[in-house]
Every structure is written in structure tokens, then in C-alpha cells.
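Visitor: I'd like to ask you about the structure that follows.
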Amino acid sequence: MSYEAVGPIWRVVRDRFQKTVATLKEEDLALSMTAESSSIAHMIRHNAEVEYMFGEWFFGASVPEDVTYIASGQSSPGHERALQLEQLIAFSAAAEAFLTDAMKQLSDEAWDTVVESKIGPSTPREALGRAIYHTGLHAGQIALIRKHAPQPSAQQ
């Protein structure tokens, strides 16, 4: 069973996430539940970075040389431009295309072959399940933050 079997499920989740990202305003990106928690911008960047990682780790694709992982911490000094809306939308779309292309290239047999990775052993099929869950989790967090986060002036 190949990408054709699992791709439609990925498409539903990922397309919805990208539409959510595309509806954001620049001022939404700094929102977070507390001063110590991740902002919406960091969640979007982190989600995309995980897609690049999964494409490499579980689907054997080579991450483009210009991709830099910056969302591992709460702040990214020197990377402010990468956390602007236009750049986040583009980076998120590129990461999704990278992962989807990697999935499409995987042989039918490889989908259920265990791969060792930095996060432990998993088959590509299991990894896709994790990616779907991960994307859905962050989509929900973004929606919750947009609805309930204190406005920037109230966080100071």
C-alpha cells in the first residue's frame, strides 16, 4: 500500500493547516498563551521543520541545503525575518511539498519497513500517522491561542 492509500488523509489535515496559516495576520504571529510559551509563529515554523525532518528520517529525502532549523527554542535571535507571515506561509508550504514528494517516491514495501531515527524506530506509515497527529495538535493550539491569548500589551 503506497502513498495513494494514505495521501488523501494527509491532504485533508495538511491542507486545513495551511489554510489556517494563510488566514493569519502578521500581528497574530506573536500571540502566545504566556510570555514563556511558544508563539503562533514558532509553532508554524516548528511544524514545517518537523515535516522536513520526517521527510529525511523516514522517507529518505535530502533536505535542501538552504533549510535551517531555528524553532527548537522559544526565541530565534537573528531569525526574525523567517518568522514573518509571508516567509512562514512559504516555508510551511515548501515543507509540506517536500514531505509529500518524499512520500510519493517511497516504494510500496518501504512503507512498513522499520527505520531508525533520532526519535526512535518507526515505519514510514507510523511516521505519517505521527505527522498527521502533530499537525493537528498544532492547528488546535493555534486556534486556541488566537481565541484566548492575552493581547500583546497585556502580556508585558
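With the working numbering applied, the sequence shown covers 161 to 316.
A virtual CB, placed ideally from N, CA and C, is assigned to each residue, including glycine.
Note that this is a predicted model, so its numbers are computed, not measured.
1. When the distance is taken between beta carbons, is Gly220 closer than 9 Å to Ala182?
2. Does the Cβ of Pro284 have 16 or more other Cβ atoms within 10 Å, making it buried, or fewer, making it exposed?
3. On the DSSP letters alone, give me the boundaries of the alpha helix (DSSP H) that Lys185 sits inside.
4. Between the Cα of Ala291 and the Cα atoms of Gln311, Lys185, Ala255 and Leu243, which residue gives the shortest distance?
5. Roughly how many whole angstroms lie between the Cα atoms of Ala250 and Tyr163?
6. Within the chosen definition, does the segment 293 to 309 reach the segment 170 to 182 through at least 3 CB pairs nearer than 8 Å?
7. I believe His294 touches Val210 by the beta-carbon criterion, under 8 Å. Please report the beta-carbon distance rounded to the nearest angstrom.
8. Using three-state DSSP, classify Ser282 as helix, strand or coil.
9. Between which two residues does the alpha helix (DSSP H) holding Ser252 run?
10. Let's see if you can read the secondary structure: which residues bound the alpha helix (DSSP H) around Ile200?
11. I need the straight-line Cα distance from Val223 to Ala208, nearest angstrom please.
12. Rounded to whole angstroms, what is the Cα-Cα separation between Phe258 and Leu245?
Guide: In short:
1. Not a contact, by the Cβ cut-off of 9 Å.
2. Buried, because 16 or more other Cβ atoms sit within 10 Å of the Cβ of Pro284.
3. In the DSSP assignment, Lys185 falls outside any alpha helix (DSSP H) and carries neither an H nor an E.
4. Minimum Cα distance to Ala291 is reached at Ala255.
5. Between the alpha carbons of Ala250 and Tyr163 lies a distance of about 24 Å.
6. Touching, per the Cβ criterion.
7. Approximately 6 Å separates the beta-carbon atoms of His294 and Val210; this is inside 8 Å, confirming the contact.
8. Here Ser282 sits in strand by DSSP.
9. Unbroken alpha helix (DSSP H) run through Ser252: Leu245 to Gln265.
10. That run of the alpha helix (DSSP H) goes Ile200 to Trp217.
11. Distance from the CA of Val223 to the CA of Ala208, rounded to the nearest whole angstrom, comes to 12 Å.
12. Straight through space, the alpha carbons of Leu245 and Phe258 are spaced by roughly 20 Å.
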